[in-house]
Amino acid sequence: MEGKKSVAIIGAGIFGLSLAVALRDRQHNVTVFERSRYDQNEYSPEDKDVQAASADLNKIFRASYGNEIHYQRLAMESRKAWVSEDEKRGFPERASSEQRLFVNSGMLRVQPSSTLSALEKETLENMERDGLRDTQFVKSSPDDRQRAQSLGWQAKLLDFDIPNASPKVSYESVLDSTAGFVRCSKACAHYQKVAAEKGVKFYFGPEVGTVKELRKEQSDTAGKPKVTGLVTKNGTVHDADIVVVAAGSFSTQILPDLSYHLESSGGSIATFKIDPNDTQLWEKYSPERFPVITWKTQPRPDSGKDTGSIYVLPRTPEGLVKIGYRGTKYTNFQDAPDNTPFTQDGQWSIPLSPEESLKLPEKSVYSIKQFVSIFLPEFDGVPFHSTKLCWYTDSLDNSFVIDYVPEYAGKSVFVCTGGSGHGAKFLPILGRHAADILERHEESSSFMRPFWRWRPDVARKNGLEEGPTGSRNIGNPHAS
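Here the sequence shown stands for residues -22 to -1, 1 to 458, numbered as in mature numbering (1 follows the signal peptide of the UniProt record, and there is no 0).
The following block contains the structure:
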């Protein structure tokens, strides 16, 4: 790419912010458009109009990726960046966890049974391959337990009995001492300020920040228009050399060319709230004493399809304990606009309204309550403090989509989306890789380039093949 460009980014979530910072560091002129008033609510998930997955209390940080060692390495690169950013903010790893963006609470990967799953064995093999095996503690391994004891992790290597098992037996588990969580909303607010200080311009709000359409003109390439900018809802025209779509679960609605590659899906979130006066629970579920816990309720099938999981994070400074269920990634199929490049029976999945997203499907409630009865017994039978469907952007294969869109001439449209429920942890470094792809395209030095490219020949899988008749569709009367 020759010279510095004017770049308009649609979306101020994880992907948009990370790319905005990286492009500004490379001296490009960057403007970000965001329909939510994050400048006022600081990405608070409590705001009634917020739907984005980026606006969340906390997100898991993990480098455990089975045989996907490239994501393991990307996660460890990001971990270093989180620690460095907290140090620059004046909060090193030994500082109070309430002040840090990344909290190294550890993560307990509870297995579906009393033995290690195939996925877990792949993870441990790749951790060993990268010299990280000593950071992993297998509960049934005497050597690992002894090492956990000597390093101060033993108290988080928790033991949970398998219900109704006879004879009595407990779930196998692995404690990952590199893992933990990021304070997602706080991190987004921080990086938005960083971007603004670097000179990134932001337009927030339903009028000036909502993109109505992309501006297109004829090009010298037959059948391919060139995008020259965008128009916001208030009618203002903004010219740009490159328009980037980084709008999460709303990306397909802005750029229907993504309709084959992405699907909006809802993940179920429930919270409990601990009273600070309940000192026993307050201490037990603090990040200093309680790890992130993830539980794969069933082994991975031979097809390799992601079975999702249930997880819980340590309490927040406000006392909120968040539980997430991704065992069922709910869809909401509605009629797609005319001329949408890809539909299923004329429909596509889009997020529910904020109000409709406050109620969880019965299957989610049942699964979360089952999880609570096993892993969080103090909350068994306690009403939820809040519930919400958090809208993610699932790709064909759970890898992100970061590339130029070939349907547009002159490399005028770039996409940076498809987080598939695991993008937040990469906030500090994702933009560096994406910016290198944007600038250098096929000559990019990013080791993630082969995995993030435009993938029109990849079969629709990962659940995206189900369509409106599938059991995940909330609009389907037969959906569970």
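C-beta: ideal position from N, C-alpha, C; glycine also. The model shown is predicted, which means the values in this text are computed figures rather than measured ones.
- Message: Please report the straight-line C-alpha distance between Ile(-13) and Gly(-7), rounded to a whole angstrom.
- Response: In this structure, the alpha-carbon of Ile(-13) lies about 7 Å from that of Gly(-7).
- Which ranges would you report for the beta strand (DSSP E) in the stretch 145 to 200 if only whole runs of at least 3 residues count? Within the stretch 145 to 200, the complete beta strand (DSSP E) segments of 3 residues or longer fall at 151 to 154, 158 to 160, 179 to 182, 189 to 195, listed in chain order.
- Message: Quick check on the DSSP output: the beta strand (DSSP E) that includes Met105 runs from which residue to which?
- Response: Per DSSP, Met105 belongs to no beta strand (DSSP E); it is in the alpha helix (DSSP H), 96 to 107.
- Do Leu(-4) and Ala412 have their CB atoms nearer than 8 Å? In this structure, Ala412 lies closer than 8 Å to Leu(-4) by Cβ.
- Message: Taking a contact to mean a Cβ-Cβ separation below 8 Å, would you say Pro339 touches Gln29 in this structure?
- Response: For the 8 Å CB-CB criterion, Pro339 and Gln29 do not form a contact.
- Item | Bridge-paired residues (DSSP) for Lys204 | Glu195, per the DSSP bridge assignment.
- Query: According to DSSP, what are the bridge partners of Thr395?
  - Reply: According to DSSP, which records beta bridges pairwise, Thr395 is partnered with Val379.
- Task: Pull up the DSSP beta-bridge partners for Met85, would you.
- Result: In the DSSP output, where bridge partners are listed per residue, Met85 has Asp154, Val270.
- Item | Among Leu208, Leu336, Tyr308, nearest to Val10 - alpha-carbon criterion | Nearest option by C-alpha distance: Leu208.
- Task: For Thr371, count neighbouring C-beta atoms within 10 Å of its own C-beta (all shown protein chains included) and say buried if the count is 16 or more, exposed if not.
- Result: Thr371 comes out buried.
- Task: My understanding is that Val393 touches Leu233, with C-beta atoms under 8 Å, so please give their C-beta distance in whole angstroms.
- Result: For Val393 against Leu233, the beta-carbon gap comes to about 7 Å, under 8 Å, which counts as contact.
- Item | Start and end residues, beta strand (DSSP E) containing Asn7 | It spans 7 to 12 - the beta strand (DSSP E) in which Asn7 sits, taken as one unbroken run.
- Query: Could you check where the alpha helix (DSSP H) with Val61 kicks off and where it finishes?
  - Reply: Segment 47 to 66, the alpha helix (DSSP H) holding Val61.
- Item | Coarse secondary structure for Ile328, derived from DSSP in three states | The three-state reading of DSSP puts Ile328 in coil, since its state is none of H, G, I, E or B.
- Taking 8 Å as the cut-off, decide whether the C-beta atoms of Phe138 and Ser83 are in contact. Cβ distance not < 8 Å, so Phe138 and Ser83 don't count as in contact.
- Evaluate Lys257 with the Cβ neighbour count: other Cβ atoms within 10 Å of its Cβ, from every protein chain shown; 16 or more gives buried, anything less gives exposed. Residue 257 is actually Thr in this sequence, not Lys. Exposed, since its Cβ has fewer than 16 Cβ neighbours within 10 Å.
- Message: Within a Cβ cutoff of 7 Å, which residues of the same chain sit near Phe320, ignoring the five residues on either side of it in sequence?
- Response: Within its own chain, the residues whose Cβ lies closer than 7 Å to the Cβ of Phe320, once the five positions on either side in sequence are excluded, are Ser237, Tyr238, listed in chain order.
- Query: With contact counted as at least three CB pairs below 8 Å, one residue from each stretch, are the stretch 382 to 392 and the stretch 221 to 229 in contact?
  - Reply: Short answer: they touch.
- So, do the stretch 109 to 121 and the stretch 154 to 168 have three or more beta carbon pairs nearer to each other than 8 Å? As far as the Cβ criterion goes, the stretch 109 to 121 touches the stretch 154 to 168, which means the pair count is three or higher.
- Message: For a test of the three-state rule: what should DSSP assign to Phe39, helix, strand or coil?
- Response: Three-state result, Phe39: strand.
- Say yes only if the C-beta of Ala402 is nearer than 7 Å to one or more non-hydrogen atoms of the ligand SAH, and no if none qualify. This structure simply doesn't include the ligand SAH, nor any ligand for that matter.
- Alpha carbon of Pro446 to alpha carbon of Asn310, nearest angstrom: Looking at the backbone, the Cα of Pro446 and that of Asn310 are separated by about 8 Å.
- Taking the Cβ atom as the reference point for each residue, do Lys202 and Tyr386 lie within a distance shorter than 8 Å? Taking 8 Å as the cut-off, the Cβ atoms of Lys202 and Tyr386 count as close.
- Same chain, Cβ closer than 7 Å to Gly282, neighbours up to 5 away in sequence not counted: The pLDDT assigned to Gly282 is 47, lower than 50, so where the model puts this residue is not dependable; a value taken from the coordinates is nonetheless given after this. Nothing listed; no residue qualifies.
- Whose C-beta lies closer than 6 Å to the C-beta of Arg13 among residues of the same chain, with five residues either side of it excluded? A distance below 6 Å between beta-carbons, with the five flanking residues on each side excluded, links Arg13 to the following residues of its chain, in chain order: Pro184, Gly187, Thr188.
- Message: Cutting at 7 Å between CB atoms, please list the residues of its own chain near Val88, excluding the five before and the five after it.
- Response: Within the same chain, Val88 has close Cβ partners Phe138, Tyr149, Ser151, Ile271, Thr272, Trp273.
- Does DSSP put Glu241 in a helix, a strand or coil? Correct three-state label for Glu241: strand.
- The alpha helix (DSSP H) spanning Trp260 covers which residue range? Per DSSP, the unbroken alpha helix (DSSP H) holding Trp260 starts and ends at 257 to 262.
- Item | Beta-bridge partners of Asp139, as assigned by DSSP | Under DSSP, Asp139 takes part in a beta bridge, and its partners are Ser148.
- Item | Reference Glu296; option with closest CA among Gln325, His363, Leu354 | Out of Gln325, His363, Leu354, His363 has the C-alpha closest to the C-alpha of Glu296.
- Message: Going by the DSSP bridge assignment, what does Asn440 pair with across the sheet?
- Response: Asn440 is not bridged to any residue.
- Report yes or no: do three or more beta-carbon pairs, one from the stretch 59 to 76 and one from the stretch 97 to 109, lie closer than 8 Å? They do not touch, by the three-pair rule.
- Message: I'd like to know whether the C-beta atoms of Ile346 and Ser242 end up nearer to each other than 8 Å.
- Response: No.
- Query: Count the other CB atoms within 10 Å of the CB of Ala31; is the residue buried (16 or more) or exposed (fewer)?
  - Reply: Classification for Ala31: buried.
- Query: Which residues in the same chain have their Cβ closer than 8 Å to the Cβ of Phe353, if we skip the five residues on either side of it in sequence?
  - Reply: Non-local C-beta neighbours of Phe353 in its own chain, meaning closer than 8 Å and more than five positions away in sequence, comprise Val88, Phe138, Ile271, Trp273, Val290, ordered along the chain.
- Taking all protein chains shown into account, do 16 or more other C-beta atoms lie within 10 angstroms of the C-beta of Asn440, making it buried, or fewer, making it exposed? Classification for Asn440: buried.
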